[in-house]
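Letter 224 of the sequence shown, counting from 1, is numbered 248 in my numbering, and no numbers are missing. Even for Gly, the Cβ is constructed at its ideal location relative to N, Cα and C. Note that the structure is a prediction, hence the values are computed from the model and not measured. To keep things clear, I will list the structure first and then write my remarks on it.
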Amino acid sequence: MIKPQEDLGSEDSEVSVLKSNEGLNQAEEEIIHGSVQTDLVLEMEFGNFEQGCKCLVYYTQLKITKGKNKAETLSTNGHCCRETQSDEDRAKAHLRTARQQAKKTAPNLPQHQICLDVIEEGIVHGGYSGVLKEAKVFKEIVLSDTARGLVHVFLAQQATSKVPVVTDVGLKPRQIKKVAIIGGGLMGFRIATALIMNNISVVLKEVNSEYLQKGIKTIEANVRGLATRGKLAKDRVEKALSMIKGVLDYAEFEDVDMVIEAVIENVGLKQKLFNEIEKACLLTALWQQTHPPLTSI
């Protein structure tokens, strides 16, 4: 069961997938014509539950006609009837394209091709036949090395949230309200954008005014670009941009909750920065590097 506001493909819905093999059959039964369905199944690029329902309802209601022959609707027992020949050919053509894409993106993983096999079975021989094939191949693939590996990865991801002497003693994560970023380059401006979009104030430090202004303008362009592409509400743009402040010294570092270093990989420079940060920040401030630690520091 998925709650109305839950993201499909989220951690909770992943658990549901582990417990049930019915999702693929639903996609195969209800939708035959478009490319959206196989993309959802193969890439797991779902939105939330409500968006998923709208997609399924749209394609369930879709009936392509050819002359007087309307595409057959679902039968009373819930099985998908065979569509017209033109629709079948169109679906097969898309499936061929999907198979080629799957071979490029996941050449060593069997589940993508198996998903397409099941969908094609339902299209050609009807939904009930698709259900039977799905049950058959699921029993086979669930015991494969790939399935075992994916289950291991899933369980390992869950284990990362359980840290001995941290999560089991009731410790709560510190609230982060203000973050300082040293360096406004490729890494720094992206981190700053993510923070201000999540209502976290940012202090961006650079070595001179030229680099600082360049970093601020890049962040502004990035935020406005997100709004243009519809990934950020336009009324949030100015609020987000108001949460970033550019500086050339460490005066604003005295009350930050975290410092993120995003400068070039130079040992001498990093040593100098760490000494300066230690003097400027509270003892409780967190330090974070954007690159793997240098063992020589």
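DSSP bridge partner residues for G207 (one or two, in chain order): DSSP lists no partner for G207.
Minimum C-alpha distance to N232 - residue among V226, I240 and H136: Looking at V226, I240 and H136, the one whose alpha-carbon comes closest to that of N232 is I240.
Coil, strand or helix - G270 by DSSP: In this structure, G270 counts as strand in the three-state DSSP scheme.
Pairwise C-alpha distance: L256 and E278: Roughly 31 Å separates the two Cα atoms.
Local Cβ density within 10 Å of V142, reported as buried at 16 or more and exposed below that: In the assembly as shown, V142 is a buried residue. Its beta-carbon has 16 or more other beta-carbons within 10 Å.
Helix, strand or coil at E158 [DSSP, three-state]: Helix at E158.
DSSP three-state assignment for Q199, whether helix, strand or coil: Looking at Q199 - three-state DSSP - the assignment turns out to be coil, as it is neither helix nor strand.
Beta-carbon proximity list for R106, same chain, < 6 Å, skipping 5 on both sides: Confidence in R106 is poor, its pLDDT being 46 and thus under 50, which makes the residue's placement too unreliable to answer from.
Spatially closest choice to V247 from L236, K229, E234 and S266, by CA coordinates: Ranked by Cα distance from V247, the options L236, K229, E234 and S266 are led by S266.
Contact test: G254 Cβ vs the ligand FAD heavy atom, cutoff 6 Å: This structure simply doesn't include the ligand FAD, nor any ligand for that matter.
Simplified DSSP state of I224, which is helix, strand or coil: The answer is coil: DSSP assigns I224 none of H, G, I, E or B.
Which of helix, strand or coil DSSP assigns to L167: Correct three-state label for L167: coil.
Local Cβ density within 10 Å of V283, reported as buried at 16 or more and exposed below that: So V283 counts as buried.
DSSP-derived helix/strand/coil call for V193: DSSP places V193 in helix when its eight states are reduced to three.
CB-CB length for E144 against K116, believed under 8 Å: Yes, they are in contact, since the Cβ atoms of E144 and K116 sit about 7 Å apart, within 8 Å.
Inter-residue CB distance, L272 and K202 (contact presumed, cutoff 8 Å): Not quite, the Cβ-Cβ distance comes to about 18 Å (not below 8 Å), so this is no contact.
Residues near T217 in its chain [Cβ-Cβ closer than 7 Å; skip 5 each side]: Result list for T217: I243, N246 and V247, in chain order.
Residue range of the alpha helix (DSSP H) that includes V138: Before going further, note that residue 138 is Ile rather than Val in the sequence given. Its alpha helix (DSSP H) spans residues Q135 to H149.
Contact the stretch 205-216 vs the stretch 285-293: 3+ CB pairs below 8 Å: Yes: the two stretches touch, three or more of their Cβ pairs being nearer than 8 Å.
Best match in Q124, A304, K296 and V190 for proximity to K281 [C-alpha to C-alpha]: Reading off the sequence shown, one finds Asp at residue 281, where the question assumed Lys. D281 has its Cα closest to that of A304, out of Q124, A304, K296 and V190.
For N222, the nearest candidate out of R260, V187 and T308 (CA to CA): Ranking the options by Cα distance to N222, first place goes to R260.
Beta-ladder partner(s) of K229, from DSSP: As computed with DSSP, K229 is found in a beta bridge with I206 and V271.
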